[in-house]
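Just so you know, the sequences run in chain order A and B.
Take 1424 as the starting number for the first sequence in the working numbering and just add one per residue.
Take 3 as the starting number for the second sequence in the working numbering and just add one per residue.
Positions of the beta carbon are idealized from the N, C-alpha and C atoms, including for glycine.
If you're wondering where the values come from, they're calculated on a predicted model, not measured in any experiment.
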Amino acid sequence: KQEVTQIPAALSVPEGENLVLNCSFTDSAIYNLQWFRQDPGKGLTSLLLIQSSQREQTSGRLNASLDKSSGRSTLYIAASQPGDSATYLCAAGGSYIPTFGRGTSLIVHP
Amino acid sequence: SQTIHQWPATLVQPVGSPLSLECTVEGTSNPNLYWYRQAAGRGLQLLFYSVGIGQISSEVPQNLSASRPQDRQFILSSKKLLLSDSGFYLCAWKMGQSRSTEAFFGQGTRLTVV
């Protein structure tokens, strides 16, 4: 059974820092890896999707990488801003079913 | 473009009462549909998923059930709610016929059982 772990569970940083959020998964037989953002009391917003054949994806200040063989993905946030404060979740895409980690709660303070 | 609608946004129900949460997807056909629950301080737990009308797979035994009466409609139900059913319920969809498509989520329903 797929298990997904996210480290750290919480992070508080000053504005402007570059950040790395980590996601690891136990079963490397995934179809994709997806990163989401969740604001308090809201649904999940898709940030980046990396297919299993890809190594990384970029969107603006976000860059996500995938190393299937080692069961790891990282989300890199450049020049963090207070508006980036949210919970970030990763999901390992199995056969039709995404399995989620518990998320990293990020606070970026001015 | 595709959109997903989930309602109600919040719900307070007494123990033992029935439950019906609805989710609909627009702008696509034959989507894969999912119900997740997110309890406080915990990750997303997959409850049910469906790859077609009338096809429901249950991941966690509980007093909840799901139905898919139409292609783009997914309903989560309970005959008698328990206190432990409180949580944040999220509906999601992915394009069908492929295992590697992107997942999209609704805005969630906050259920409090009192």
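So LEU1529(A) packs on ALA1509(A), CB below 8 angstroms; how close in whole Å?
About 6 angstroms separates the two Cβ atoms, so the contact holds.
May I ask which residues mark the beginning and end of the beta strand (DSSP E) holding ASN1441(A)?
Looking at the DSSP string, ASN1441(A) is not in any beta strand (DSSP E), and its letter there is neither H nor E.
Contacting positions in the region 1505-1519 of chain A - beta carbon closer than 9 angstroms to chain D:
Of the protein chains in this structure, namely A and B, none is chain D.
Which residues in the same chain as GLY29(B) place their Cβ atom closer than 7 angstroms to its Cβ, once the five residues preceding and following it in sequence are excluded?
Hits under 7 angstroms: SER3, GLN4 and THR5.
Tell me whether PRO1521(A) is buried or exposed, calling it buried when 16 or more other Cβ atoms sit within 10 Å of its Cβ.
Burial call: buried.
Kindly list, in the order they appear in chain B, the residues whose Cβ is closer than 9 angstroms to that of TYR1454(A).
Result: SER100, ARG101, SER102 and THR103.
Drop a sphere of 10 angstroms on the beta-carbon of ASN1455(A), count the other beta-carbons inside from all chains shown, and report buried for 16 or more, exposed for fewer.
By the neighbour-count rule (16 or more Cβ atoms within 10 Å), ASN1455(A) is buried.
How long is the line joining the alpha carbons of LEU92(B) and GLN8(B), rounded to whole angstroms?
LEU92(B) and GLN8(B): Cα-Cα distance of roughly 8 angstroms.
Counting Cβ pairs, one atom from each stretch, are 3 or more of them under 8 angstroms apart for the region 1424-1438 of chain A and the region 1469-1479 of chain A?
They do not touch, by the three-pair rule.
Using a threshold of 8 angstroms, state whether the C-beta atoms of TYR1511(A) and GLY1494(A) are closer than that.
No.
Helix, strand or coil for PRO1505(A)? Go by DSSP, reduced to three states.
For PRO1505(A), the three-state secondary structure derived from DSSP is helix.
Euclidean distance between Cα positions of GLN64(B) and GLY1439(A)
Their Cα atoms are separated by approximately 46 angstroms.
Sorted by chain position, which residues of the same chain lie with C-beta nearer than 8 angstroms to GLN1461(A)'s C-beta, five sequence neighbours on each side aside?
The answer, listed in chain order, is LEU1467, THR1468, ALA1509, THR1510, TYR1511, LEU1512 and GLY1526.
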